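K.L.:
Okay, here's the structure, questions in a sec.
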Amino acid sequence: MFDMMKKLQQAQEEMKKIKARLDTISVEGSSPEGKIKVMITGNRKIKGITFVDESVMSDKDQLEDYLVIAVNDAIEKADEVNETEMKSAAGAMMPGMGGLFK
1307 MFDMMKKLQQ
1317 AQEEMKKIKA
1327 RLDTISVEGS
1337 SPEGKIKVMI
1347 TGNRKIKGIT
1357 FVDESVMSDK
1367 DQLEDYLVIA
1377 VNDAIEKADE
1387 VNETEMKSAA
1397 GAMMPGMGGL
1407 FK
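Take 1307 as the starting number for the sequence shown in the working numbering and just add one per residue.
And the structure:
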């Protein structure tokens, strides 16, 4: 019982480390033709939005569409990074348990 509690505590500590590491990882999402770029952390926090081609700003509907596409692209990439980190940690902490984070 004590051993199980110790492993749980170690797992919680490892999760804190992973979350801190994910805050240092940046991924970039972009809109079609790369007109808008969104930087986001592995924890899905937006760090910045860049309008590479300012012509997109003249069309409100296109701007909104491209922004949604770029943010969603960044979130998908952050999710992939997050999943990889979690699988790696789960596998290291509890061999055979890495499949829990699919």
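The beta carbon of each residue, even a glycine, is placed where N, CA and C say it ideally should be. Predicted model only: the values in this text are computed from it and were never measured.
Could you check where the beta strand (DSSP E) with Glu1334 kicks off and where it finishes?
P.N.:
1332-1336
K.L.:
Give, in chain order, every unbroken run of the beta strand (DSSP E) that is at least 3 residues long and sits entirely within the stretch 1308-1378.
P.N.:
1332-1336, 1342-1347, 1352-1357
K.L.:
Indicate whether Gly1354 and Ile1331 have their beta-carbon atoms separated by less than 7 angstroms.
P.N.:
no
K.L.:
For a quick check, are the C-beta atoms of Val1387 and Val1333 less than 7 angstroms apart?
P.N.:
yes
K.L.:
Taking the alpha carbon of Gly1335 as the reference point, which residue from Gly1397, Val1374, Ser1394 has its own alpha carbon closest?
P.N.:
Val1374
K.L.:
Go ahead and label Ala1395 buried or exposed: buried means 16 or more other beta carbons lie within 10 angstroms of its beta carbon, across all protein chains shown.
P.N.:
buried
K.L.:
Indicate whether at least one CB of chain D lies closer than 7 angstroms to the CB of Lys1313.
P.N.:
No chain D appears in the structure shown, which is made up of a single protein chain.
K.L.:
State yes or no: is the C-beta of Arg1350 within less than 7 angstroms of the C-beta of Ala1384?
P.N.:
yes
K.L.:
So, at 7 angstroms on beta carbons, what are the nonlocal neighbours of Leu1369 in its own chain, with the 5 sequence-adjacent residues on each side left out?
P.N.:
For Leu1369, where only same-chain residues beyond five positions count, the Cβ hits under 7 angstroms are Val1362, Met1363.
K.L.:
Can you give me the C-alpha to C-alpha distance between Ala1410 and Lys1322, rounded to a whole angstrom?
P.N.:
One cannot answer for residue 1410 here, as it falls past the ends of the chain, which runs 1307 to 1408.
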